[in-house]
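> Before I ask anything, let me first share the structure, which is written out below as C-alpha cells.
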Amino acid sequence: MSGRRKSRTRWVDIIICIFAAIGVVSTIAVSVRGIRALLDVKKVVTEAPQITEELLTVNEYSRPGKSLDEVHGIVVHYTANPGTSAENNRSYFEGLKDSHDTYASSHYIIDIDGEIIQCIPLTEQAYASNDRNYDTIAIECCHPDETGVFSKDTYDELVHLTAWLLGQYDLEIDDVIRHYDVSGKPCPKYFVDHPEKWEEFKSDVEKYIDTHGEKVRKHD
Ligand SMILES: [Zn+2]
Numbered sequence: 123m124s125g126r127r128k129s130r131t132r133w134v135d136i137i138i139c140i141f142a143a144i145g146v147v148s149t150i151a152v153s154v155r156g157i158r159a160l161l162d163v164k165k166v167v168t169e170a171p172q173i174t175e176e177l178l179t180v181n182e183y184s185r186p187g188k189s190l191d192e193v194h195g196i197v198v199h200y201t202a203n204p205g206t207s208a209e210n211n212r213s214y215f216e217g218l219k220d221s222h223d224t225y226a227s228s229h230y231i232i233d234i235d236g237e238i239i240q241c242i243p244l245t246e247q248a249y250a251s252n253d254r255n256y257d258t259i260a261i262e263c264c265h266p267d268e269t270g271v272f273s274k275d276t277y278d279e280l281v282h283l284t285a286w287l288l289g290q291y292d293l294e295i296d297d298v299i300r301h302y303d304v305s306g307k308p309c310p311k312y313f314v315d316h317p318e319k320w321e322e323f324k325s326d327v328e329k330y331i332d333t334h335g336e337k338v339r340k341h342d
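Residues in the sequence shown are numbered from 123 upward in steps of one, following the numbering used here.
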C-alpha cells in the first residue's frame, strides 16, 4: 500500500470518527432533553368540584374586600360547631356585618352532605387563617360531632377541592396546611388530634391528582 493511500484512509477514518462522535453527542443531548421533559411533567386536576357561589356582602367583619395577590397555600379548618350546615355557617359569616361579633370568614365551606359553598372570591382575602390570610385560600369543613371527624361526603369533596386548587395555583402537597400549622389553634380538631390522618388526607389528595389529573408541562 502506498503512503498516499494510507494517509487517505486515515483521513476517511478521522471523518467517520467525527461524524460518529457528532451522532453520539446529539443522541445524548436528545435523551437528556427527553428525560428533562419527562421530569418536567406533572399532573393537574382541571375539573373543579361542583361549587355553589353565595358571596358575602363586602363588609369589614367578614369580607374585607382586600385583594389576594398571591396564593402560597391552602388552609383546612373545621367549623367547631357540630351538626351545623354550610348554609348555617355562611349565614353566620354574613351576619357579622350587623352583629360585629368578630372577624371571620372562609373562601369555601363544605357541608356534611358534601355541598361546597363559596363565600369569598379567590381574588380576595378571607378572615380565617391569622397572619396567612394574605396568601392562602381557606376551606372550612362542617362536621357531625364533637370529635371533629368529617363525614365521607365532606372528606371526598375536600380531597377534590384541594386537588383542584393545587393545580390552579401550581402548588405542592406540602402547601396544604392545617389552621393549627399557622397559629397552633386546635383546628381542624380531628387532624390535630390524629396527625396520621392528616398525612393520610394529603396522600389521598396526591392519589386523586394521580388518578384524575391530566399531564401538563411544569410552570407552563
Ligand atoms: Zn380554623
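Don't be surprised by glycine CBs; every beta carbon is placed ideally from N, CA and C. Because the structure is a prediction, the values reported are computed rather than measured.
Between residue 199 and ligand 1, is there a pair consisting of the residue's CB and a ligand heavy atom that are separated by less than 7 Å?
Judged by the Cβ position, residue 199 qualifies as a neighbour of ligand 1 at the 7 Å threshold, a heavy atom of the ligand being closer than this.
> I need the DSSP call for residue 80, collapsed to helix, strand or coil.
This structure gives no information on residue 80, because the portion of the chain shown stretches from 123 to 342.
> Measure the alpha-carbon distance for residue 258 versus residue 144 and round it to whole angstroms.
51 Å
> Would you mind listing the beta strand (DSSP E) stretches within the region 185 to 255 that are 3+ residues and don't spill past its ends, in chain order?
Within the region 185 to 255, the complete beta strand (DSSP E) runs of at least 3 residues are 195 to 200, 230 to 232 and 238 to 240.
> For residue 251, which residues of its own chain have a beta-carbon under 7 Å away from its beta-carbon, when the five flanking residues on both sides are left out?
197, 258, 260, 301 and 304
> Ends of the beta strand (DSSP E) at residue 260?
258 to 263
> Applying the 10 Å Cβ sphere with the 16-neighbour rule, what's the burial state of residue 317?
Residue 317 is exposed by the Cβ-count criterion.
> Is the beta carbon of residue 301 within less than 7 Å of some heavy atom of ligand 1?
yes
> Return the chain-ordered list of same chain residues with a C-beta closer than 6 Å to the C-beta of residue 188, the five sequence neighbours on each side being excluded.
Within the same chain, residue 188 has close Cβ partners 247.
> Round the Cβ separation of residue 232 and residue 269 to the nearest angstrom and send it over; I've been treating them as touching at under 8 Å.
Contact check for residue 232 and residue 269: beta-carbon distance about 17 Å, past the 8 Å limit, so the pair fails to qualify.
> Candidates 204, 230 and 183: which alpha carbon is nearest residue 221's?
183
> Nearer than 7 Å: is that true of the beta carbon of residue 309 relative to any heavy atom of ligand 1?
yes
> Within a Cβ cutoff of 7 Å, which residues of the same chain sit near residue 204, ignoring the five residues on either side of it in sequence?
265, 266, 267 and 268
> Would you list the one or two residues that DSSP bridges to residue 174?
239
> Rounded to whole angstroms, what is the Cα-Cα separation between residue 282 and residue 200?
17 Å
> Cα-Cα, which of 217, 207, 324 and 286 is closest to residue 185?
The residue with the shortest Cα to Cα distance from residue 185 is 217.
> Under the three-state reduction of DSSP, which class applies to residue 307: helix, strand or coil?
For residue 307, the secondary structure class from DSSP, reduced to helix, strand or coil, is coil.
> Mapping DSSP to helix, strand and coil, what is residue 328?
helix
> Can you look up residue 165 in the DSSP assignment and give me helix, strand or coil?
Correct three-state label for residue 165: strand.
> Can you check DSSP and say which residues form a bridge with residue 336?
166
> Which residues in the same chain as residue 123 place their Cβ atom closer than 7 Å to its Cβ, once the five residues preceding and following it in sequence are excluded?
With a pLDDT of only 48 at residue 123, under 50, the local geometry of the prediction cannot be trusted, and no value is derived from it.
> Could you check if residue 142 is buried or exposed, using at least 16 other CB atoms within 10 Å of its CB as the buried criterion?
exposed
> Tell me, which residues are paired with residue 298 by DSSP?
196
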